[in-house]
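In this note's numbering, the protein residues as written are 140 to 218.
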């Protein structure tokens, strides 16, 4: 699935699953994305019918793209 360019079109639960596929703890992705663990937790647990912070979404998306292009050794799902 291609990553949406517009951060407002991101899917927080999908990004959560991508983090898990990479084998990263919440704190690890938060550090990679330059957000706090609390910001990442709030983003990942956003219900589909609620708004989220698009600046956090943009940073998380960029970090996921970067990490998926060069997966860490912790990645649990190889593609």
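The beta-carbon is built from N, C-alpha and C at its ideal position, and this holds for glycine as well.
Going by beta carbon distance, what residues of the same chain come within less than 8 Å of residue 166, once the five residues before and after it are set aside? Taking the chain shown and counting its residues from 1, the one referred to as residue 166 is at position 27. Within the same chain, 176 come within 8 Å of residue 166 by CB-CB distance, once the 5 residues on both sides are set aside.
Can you give the Cα-Cα distance for residue 164 and residue 148, rounded to whole angstroms? Counting from one through the chain shown, the residue named residue 164 turns up at place 25. Counting from one through the chain shown, the residue named residue 148 turns up at place 9. Straight across, the Cα-Cα distance linking residue 164 with residue 148 is about 24 Å.
With a cut-off of 8 Å on the beta carbons, I'd call residue 202 and residue 171 a contact; round off their distance for me. Translated into positions along the chain shown, residue 202 becomes position 63. Translated into positions along the chain shown, residue 171 becomes position 32. Residue 202 to residue 171, Cβ: 4 Å. Contact.
For residue 163, the three-state DSSP class (helix, strand or coil): To locate residue 163, count along the chain shown from 1; it is residue 24. Correct three-state label for residue 163: coil.
Quick one: Cα of residue 194 to Cα of residue 162, how far? Along the chain shown, read from residue 1 onward, the residue named residue 194 stands at position 55. Along the chain shown, read from residue 1 onward, the residue named residue 162 stands at position 23. So the two alpha carbons sit approximately 23 Å from each other.
Quick check: residue 178 and residue 192, are their CB atoms within less than 8 Å of each other? Walking along the chain shown from the start, residue 178 turns up at place 39. Walking along the chain shown from the start, residue 192 turns up at place 53. By the CB criterion at 8 Å, residue 178 and residue 192 fall inside the cutoff.
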